[in-house]
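Chains as they are written, first to last, in the UniProt record's numbering: chain H, 1 to 205; chain C, 1 to 205. The next block holds one structure in the form of structure tokens; read it before the comments.
Protein chains: 2
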Amino acid sequence: MGILERKEREREEMRRLILEAAQKLFLANGYEKVSIRNIADEIEYSPATIYLYFKDKNELFFALHQQAFRKLINEFAPIAHLQKPMDKLEEMGRLYIRFAFENPELFDLMFIMNAPMEAIECREDIWDDGHQAFHVLQNVVQECIDSGAIKHPDAERAGLLIWSMVHGLAALFLRKRMMIFGEERKKNLMDEAYDLFVQTIRKGL
Amino acid sequence: MGILERKEREREEMRRLILEAAQKLFLANGYEKVSIRNIADEIEYSPATIYLYFKDKNELFFALHQQAFRKLINEFAPIAHLQKPMDKLEEMGRLYIRFAFENPELFDLMFIMNAPMEAIECREDIWDDGHQAFHVLQNVVQECIDSGAIKHPDAERAGLLIWSMVHGLAALFLRKRMMIFGEERKKNLMDEAYDLFVQTIRKGL
DNA sequence: CTTGTTTACTGAACACTGTTCATTATGTTT
DNA sequence: AAACATAATGAACAGTGTTCAGTAAACAAG
């Protein structure tokens with residue numbers, strides 16, 4: 001009965017093909033400017049075919065969103081080589097911000113856009129990637145607590161505080177809300193603000 | 001020559017009418033689900049008429065964006081009655097988050113959506129409302145520095161740090177990224193994280 | 001090998017979208 | 001009253017996400 005398995009393989013292969021084309025076009029032209037028809041053209045299939053593999057555009061976004069999370073978690077890997085927990089935390093924040101700068105479209109999909117979350121509405125248990133990524137952070141925070149570098153005892157709470165701060169910095173920048181600081185000042189100001197953040201939590205958290 | 005003035009008044013009145021209808025529909029149905037045609041129907045004019053008063057949809061968004069900033073700045077007014085600068089800062093953060101919860105669509109427009117910023121691309125000097133709102137924060141931070149409550153000497157840098165933190169918290173919540181914490185836990189966790197934030201900057205900033 | 005059946009795919013359509021523009025209707029000036 | 005300026009519009013353009021009846025190919029059974 002290898003035939004059903006082959007069908008399943010072909011189905012999986014087709015999903016991969018669609019996602020690859022979608023990713024390529026999105027990264028090249030931005031989400032706003034890519035339509036289902038563009039993606040269909042890229043893979044040389046009819047637009048209707050895409051709907052045989054994804055319920056709607058949001059589900060396609062969610063699939064890419066999952067891939068992007070895997071990429072981010074991979075980029076966090078090098079922190080394991082650092083000795084001091086607090087250094088790990090500091091480096092994680094920097095990696096988060098660097099990821100946002102180098103992959104603005106992916107970052108958008110992962111943390112800002114509504115579309116991917118609308119695909120899993122009312123199924124909060126399903127969002128494994130988010131869970132996983134936050135746990136990487138939470139574990140490092142726990143290490144900081146265990147080593148006495150962070151005094152506050154709740155790693156989840158402290159983790160959210162740290163995530164929010166770093167995310168806020170990246171999100172305000174990417175969504176052009178730092179225009180108020182001027183074109184060449186804003187990048188420096190971000191680095192300075194991040195340094196100040198690290199300094200502050202080392203002292204007070 | 002009162003006739004030109006009347007024309008100008010009528011023009012201003014029409015802009016107001018459009019913005020009012022747009023605001024009403026957006027708040028009722030969300031930005032995604034309201035079209036220029038819907039707005040035109042609401043005011044009983046042709047869609048093309050709207051383009052006589054606004055260059056495009058982004059410019060309409062930007063006009064609403066300006067109004068929303070005025071509203072936020074107004075909501076900050078009560079902090080003036082507080083004595084201690086640090087209490088002012090704490091309350092401002094809470095007001096920012098409350099504003100985000102009570103006016104998610106406006107918050108979106110002001111700090112998350114791309115559309116309004118695309119209307120003023122390359123004209124960074126023009127975005128007065130953003131400047132003004134940040135200055136309200138920066139002034140309070142300066143008071144904190146002057147009174148010795150905050151040790152770090154740069155109010156702009158510290159202001160951005162604080163804005164980013166509070167904004168991150170609100171933005172992650174509104175864009176449903178706190179789903180990972182569970183439906184009923186997330187609201188509490190936010191409050192806890194904000195308390196921890198206040199505690200941390202009181203100690204370490 | 002010829003049936004019948006399941007599956008994969010598509011063309012065309014539906015109901016929208018933002019935006020433009022020639023044409024009409026209205027108000028103002030000479 | 002005739003000439004002009006302005007405001008408003010209907011209709012169109014080129015696109016959007018999505019659905020669905022119909023077709024063609026792959027498979028299973030006789």
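The beta-carbon is built from N, C-alpha and C at its ideal position, and this holds for glycine as well. Because the structure is a prediction, the values reported are computed rather than measured.
Less than 8 Å between the CB atoms is what I'm expecting for residue i and residue j, so what's the real figure, rounded?
i      : j      : result
C/I39  : C/A133 : That belief does not hold up - the Cβ atoms of C/I39 and C/A133 are roughly 27 Å apart, past 8 Å.
H/A21  : H/E42  : 4 Å
C/M92  : C/V140 : 6 Å
C/M110 : C/A68  : 5 Å
H/P116 : H/F62  : 4 Å
C/H131 : H/L196 : Not quite, the Cβ-Cβ distance comes to about 21 Å (not below 8 Å), so this is no contact.
C/G182 : H/G168 : With a Cβ gap of about 22 Å, C/G182 and H/G168 do not count as contacting.
C/K57  : C/I36  : 6 Å
Tell me the DSSP secondary structure of residue i in three-state form.
i                      : result
H/R175                 : coil
H/F134                 : helix
C/M1                   : Bear in mind that a pLDDT of 49 at C/M1, under 50, signals an unreliable position, so the model cannot answer this.
H/I150                 : coil
residue 207 of chain C : Summary: the structure shown does not reach residue 207 of chain C, with chain C confined to residues 1 through 205, and so no result is reported for it.
H/S164                 : helix
C/V141                 : helix
C/L205                 : coil
C/L189                 : helix
H/Y45                  : coil
H/Q83                  : coil
H/E183                 : coil
H/V34                  : coil
C/L64                  : helix
H/M113                 : coil
C/Y51                  : coil
C/D56                  : coil
H/F76                  : coil
C/N103                 : coil
H/L19                  : helix
Report all residues from its chain with a CB closer than 8 Å to the CB of residue i; omit the five preceding and five following residues, and keep chain order.
i      : result
C/R175 : I112
H/T49  : A40
C/G159 : F134, L137, Q138, V141
H/R6   : none
C/D108 : Y31, L174
H/R202 : M86, A149
Quick one: residues in its chain with C-beta nearer than 6 Å to the C-beta of residue i, no 5 flanking neighbours on either side, listed in chain order?
i                      : result
H/R15                  : Y53
C/L106                 : A68
residue 206 of chain H : It is not possible to answer for residue 206 of chain H, since the shown part of chain H is limited to 1 through 205.
With distance defined between alpha-carbon atoms, name the residue in the options nearest to residue i.
i      : options                      : result
H/K187 : H/L196, H/R6, H/F173, H/Q199 : H/F173
H/L60  : H/N114, H/R177, H/K203       : H/N114
C/Y96  : C/E105, C/L82, C/F76         : C/F76
C/T200 : H/L17, H/L161, H/F101, H/G30 : H/L161
H/M190 : H/V166, H/G204, H/I36        : H/V166
H/Y194 : C/R37, C/Q23, C/R157         : C/R157
C/I18  : C/G182, C/G30, C/Y45         : C/Y45
C/K71  : C/A80, C/D56, C/F99          : C/F99
H/L64  : H/L82, H/K24, H/R94          : H/K24
H/Y51  : H/R11, H/K88, H/E90, H/H81   : H/R11
C/E118 : H/L89, H/M179, H/F101, H/H81 : H/M179
H/V198 : H/R177, H/R185, H/K88        : H/K88
C/R177 : H/W163, H/E102, H/E13        : H/W163
Cβ of residue i versus every heavy atom of the ligand ADP: is any distance shorter than 7 Å?
i      : result
C/E121 : As presented, the structure is devoid of all ligands, the ligand ADP included, so that no description of it is given.
Skipping 5 residues on each side, what residues in its chain have a beta carbon closer than 7 Å to that of residue i?
i      : result
H/P85  : V140, E143, C144, S147, A149
H/Q66  : D129
H/I120 : F62, I126, W127
H/A155 : Q138, V141, Q142, I145
C/M1   : Note that C/M1 scores 49 on pLDDT, short of 50, meaning its location in the model is unreliable; the coordinates nonetheless yield the value given after this. Correct list: empty, nothing qualifies.
H/P47  : I36, R37, A40
H/L82  : K88, E91
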